[in-house]
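Engineer: Structure in C-alpha cells, see below.
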Ligand code: AMP
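Here it is as C-alpha cells:
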C-alpha cells in the first residue's frame, strides 16, 4: 500500500507564536518509509532533467536538499541565515509580516550557467524562497524547479514565484 506522507506531518497550533499552525516534519523524518517516499517524490520532477546542483534553505530545507542531492547524484549548495557562512557572501534582505530577515550564500556556491533545483520544507508567504531564487539568479544560476514538502495554499506564496515551476507533495 502506498504510504500517505501527510499522516507523518504533525500540526502544532500556536507555535512558535499565536496564530501559526506549525507543520512539524520530524515524524516524517523519523519514519524510514515516509522519509524515503518523500525524497523519491521530491526527486520525481527532476529525474529526467539535467540538474547540476540542489540548493537547500536553512534549516529544515538542508535535510531534504542533502538527501535529494544524494539521490540525484549531484552537489549541494546552502542558503543560511545572516552571519553563519565563513567566506565571501551575497545576501538578500526580505520582509516578514512584522520584521525582516537576511539570508546569505557563498559567492561561489553556484557557478554561472548551473542548472539548479531549490528545496525547502514549507512554502508559506514565499518571501524566503523568492529571496533565495534572486540570489541564485544573481550568481548566474538557472532555476529549473522549486520543490516543497508542504505548500500552504491559502498564503498564496506562489504569487511571488510565478516564473518558476513549483512542485509540492502536500497541500493545506
Ligand atoms: P515564507 O518565507 O513565509 O514562505 O516561510 C517559509 C519558511 O518559514 C520556510 O523555511 C519554513 O520552514 C518556515 N515556515 C513558515 N511557515 C511555517 C509553518 N506553518 N510550519 C513550518 N514552517 C514554516
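Residue numbers (the numbering used here): 38 to 209. We put the beta carbon where it would ideally sit given N, CA and C, even for glycine.
Using the Cβ count rule (16 or more neighbours within 10 Å means buried), how would you classify residue 97?
Structural biologist: Residue 97 comes out buried.
Engineer: Within a Cβ cutoff of 6 Å, which residues of the same chain sit near residue 50, ignoring the five residues on either side of it in sequence?
Structural biologist: Same-chain partners within the cutoff: 58.
Engineer: Less than 9 Å between the C-beta atoms of residue 108 and residue 157, yes or no?
Structural biologist: Contact flag unset, no.
Engineer: Between the region 55-71 and the region 142-149, do at least 3 Cβ pairs fall closer than 8 Å?
Structural biologist: No: the two stretches stay apart, fewer than three of their Cβ pairs being nearer than 8 Å.
Engineer: Measure the Cβ-Cβ separation of residue 133 and residue 162 and say whether it is below 9 Å.
Structural biologist: The answer is yes: Cβ separation under 9 Å.
Engineer: Could you check what DSSP says for residue 154 in three-state terms: helix, strand or coil?
Structural biologist: Residue state, collapsed to three classes: strand.
Engineer: Sort 160, 110, 68 and 84 by Cα distance to residue 198 and report the nearest one.
Structural biologist: Among 160, 110, 68 and 84, the Cα nearest to that of residue 198 belongs to 160.
Engineer: So, do the region 100-116 and the region 81-92 have three or more beta carbon pairs nearer to each other than 8 Å?
Structural biologist: In short, these stretches touch, since the Cβ pair count reaches three.
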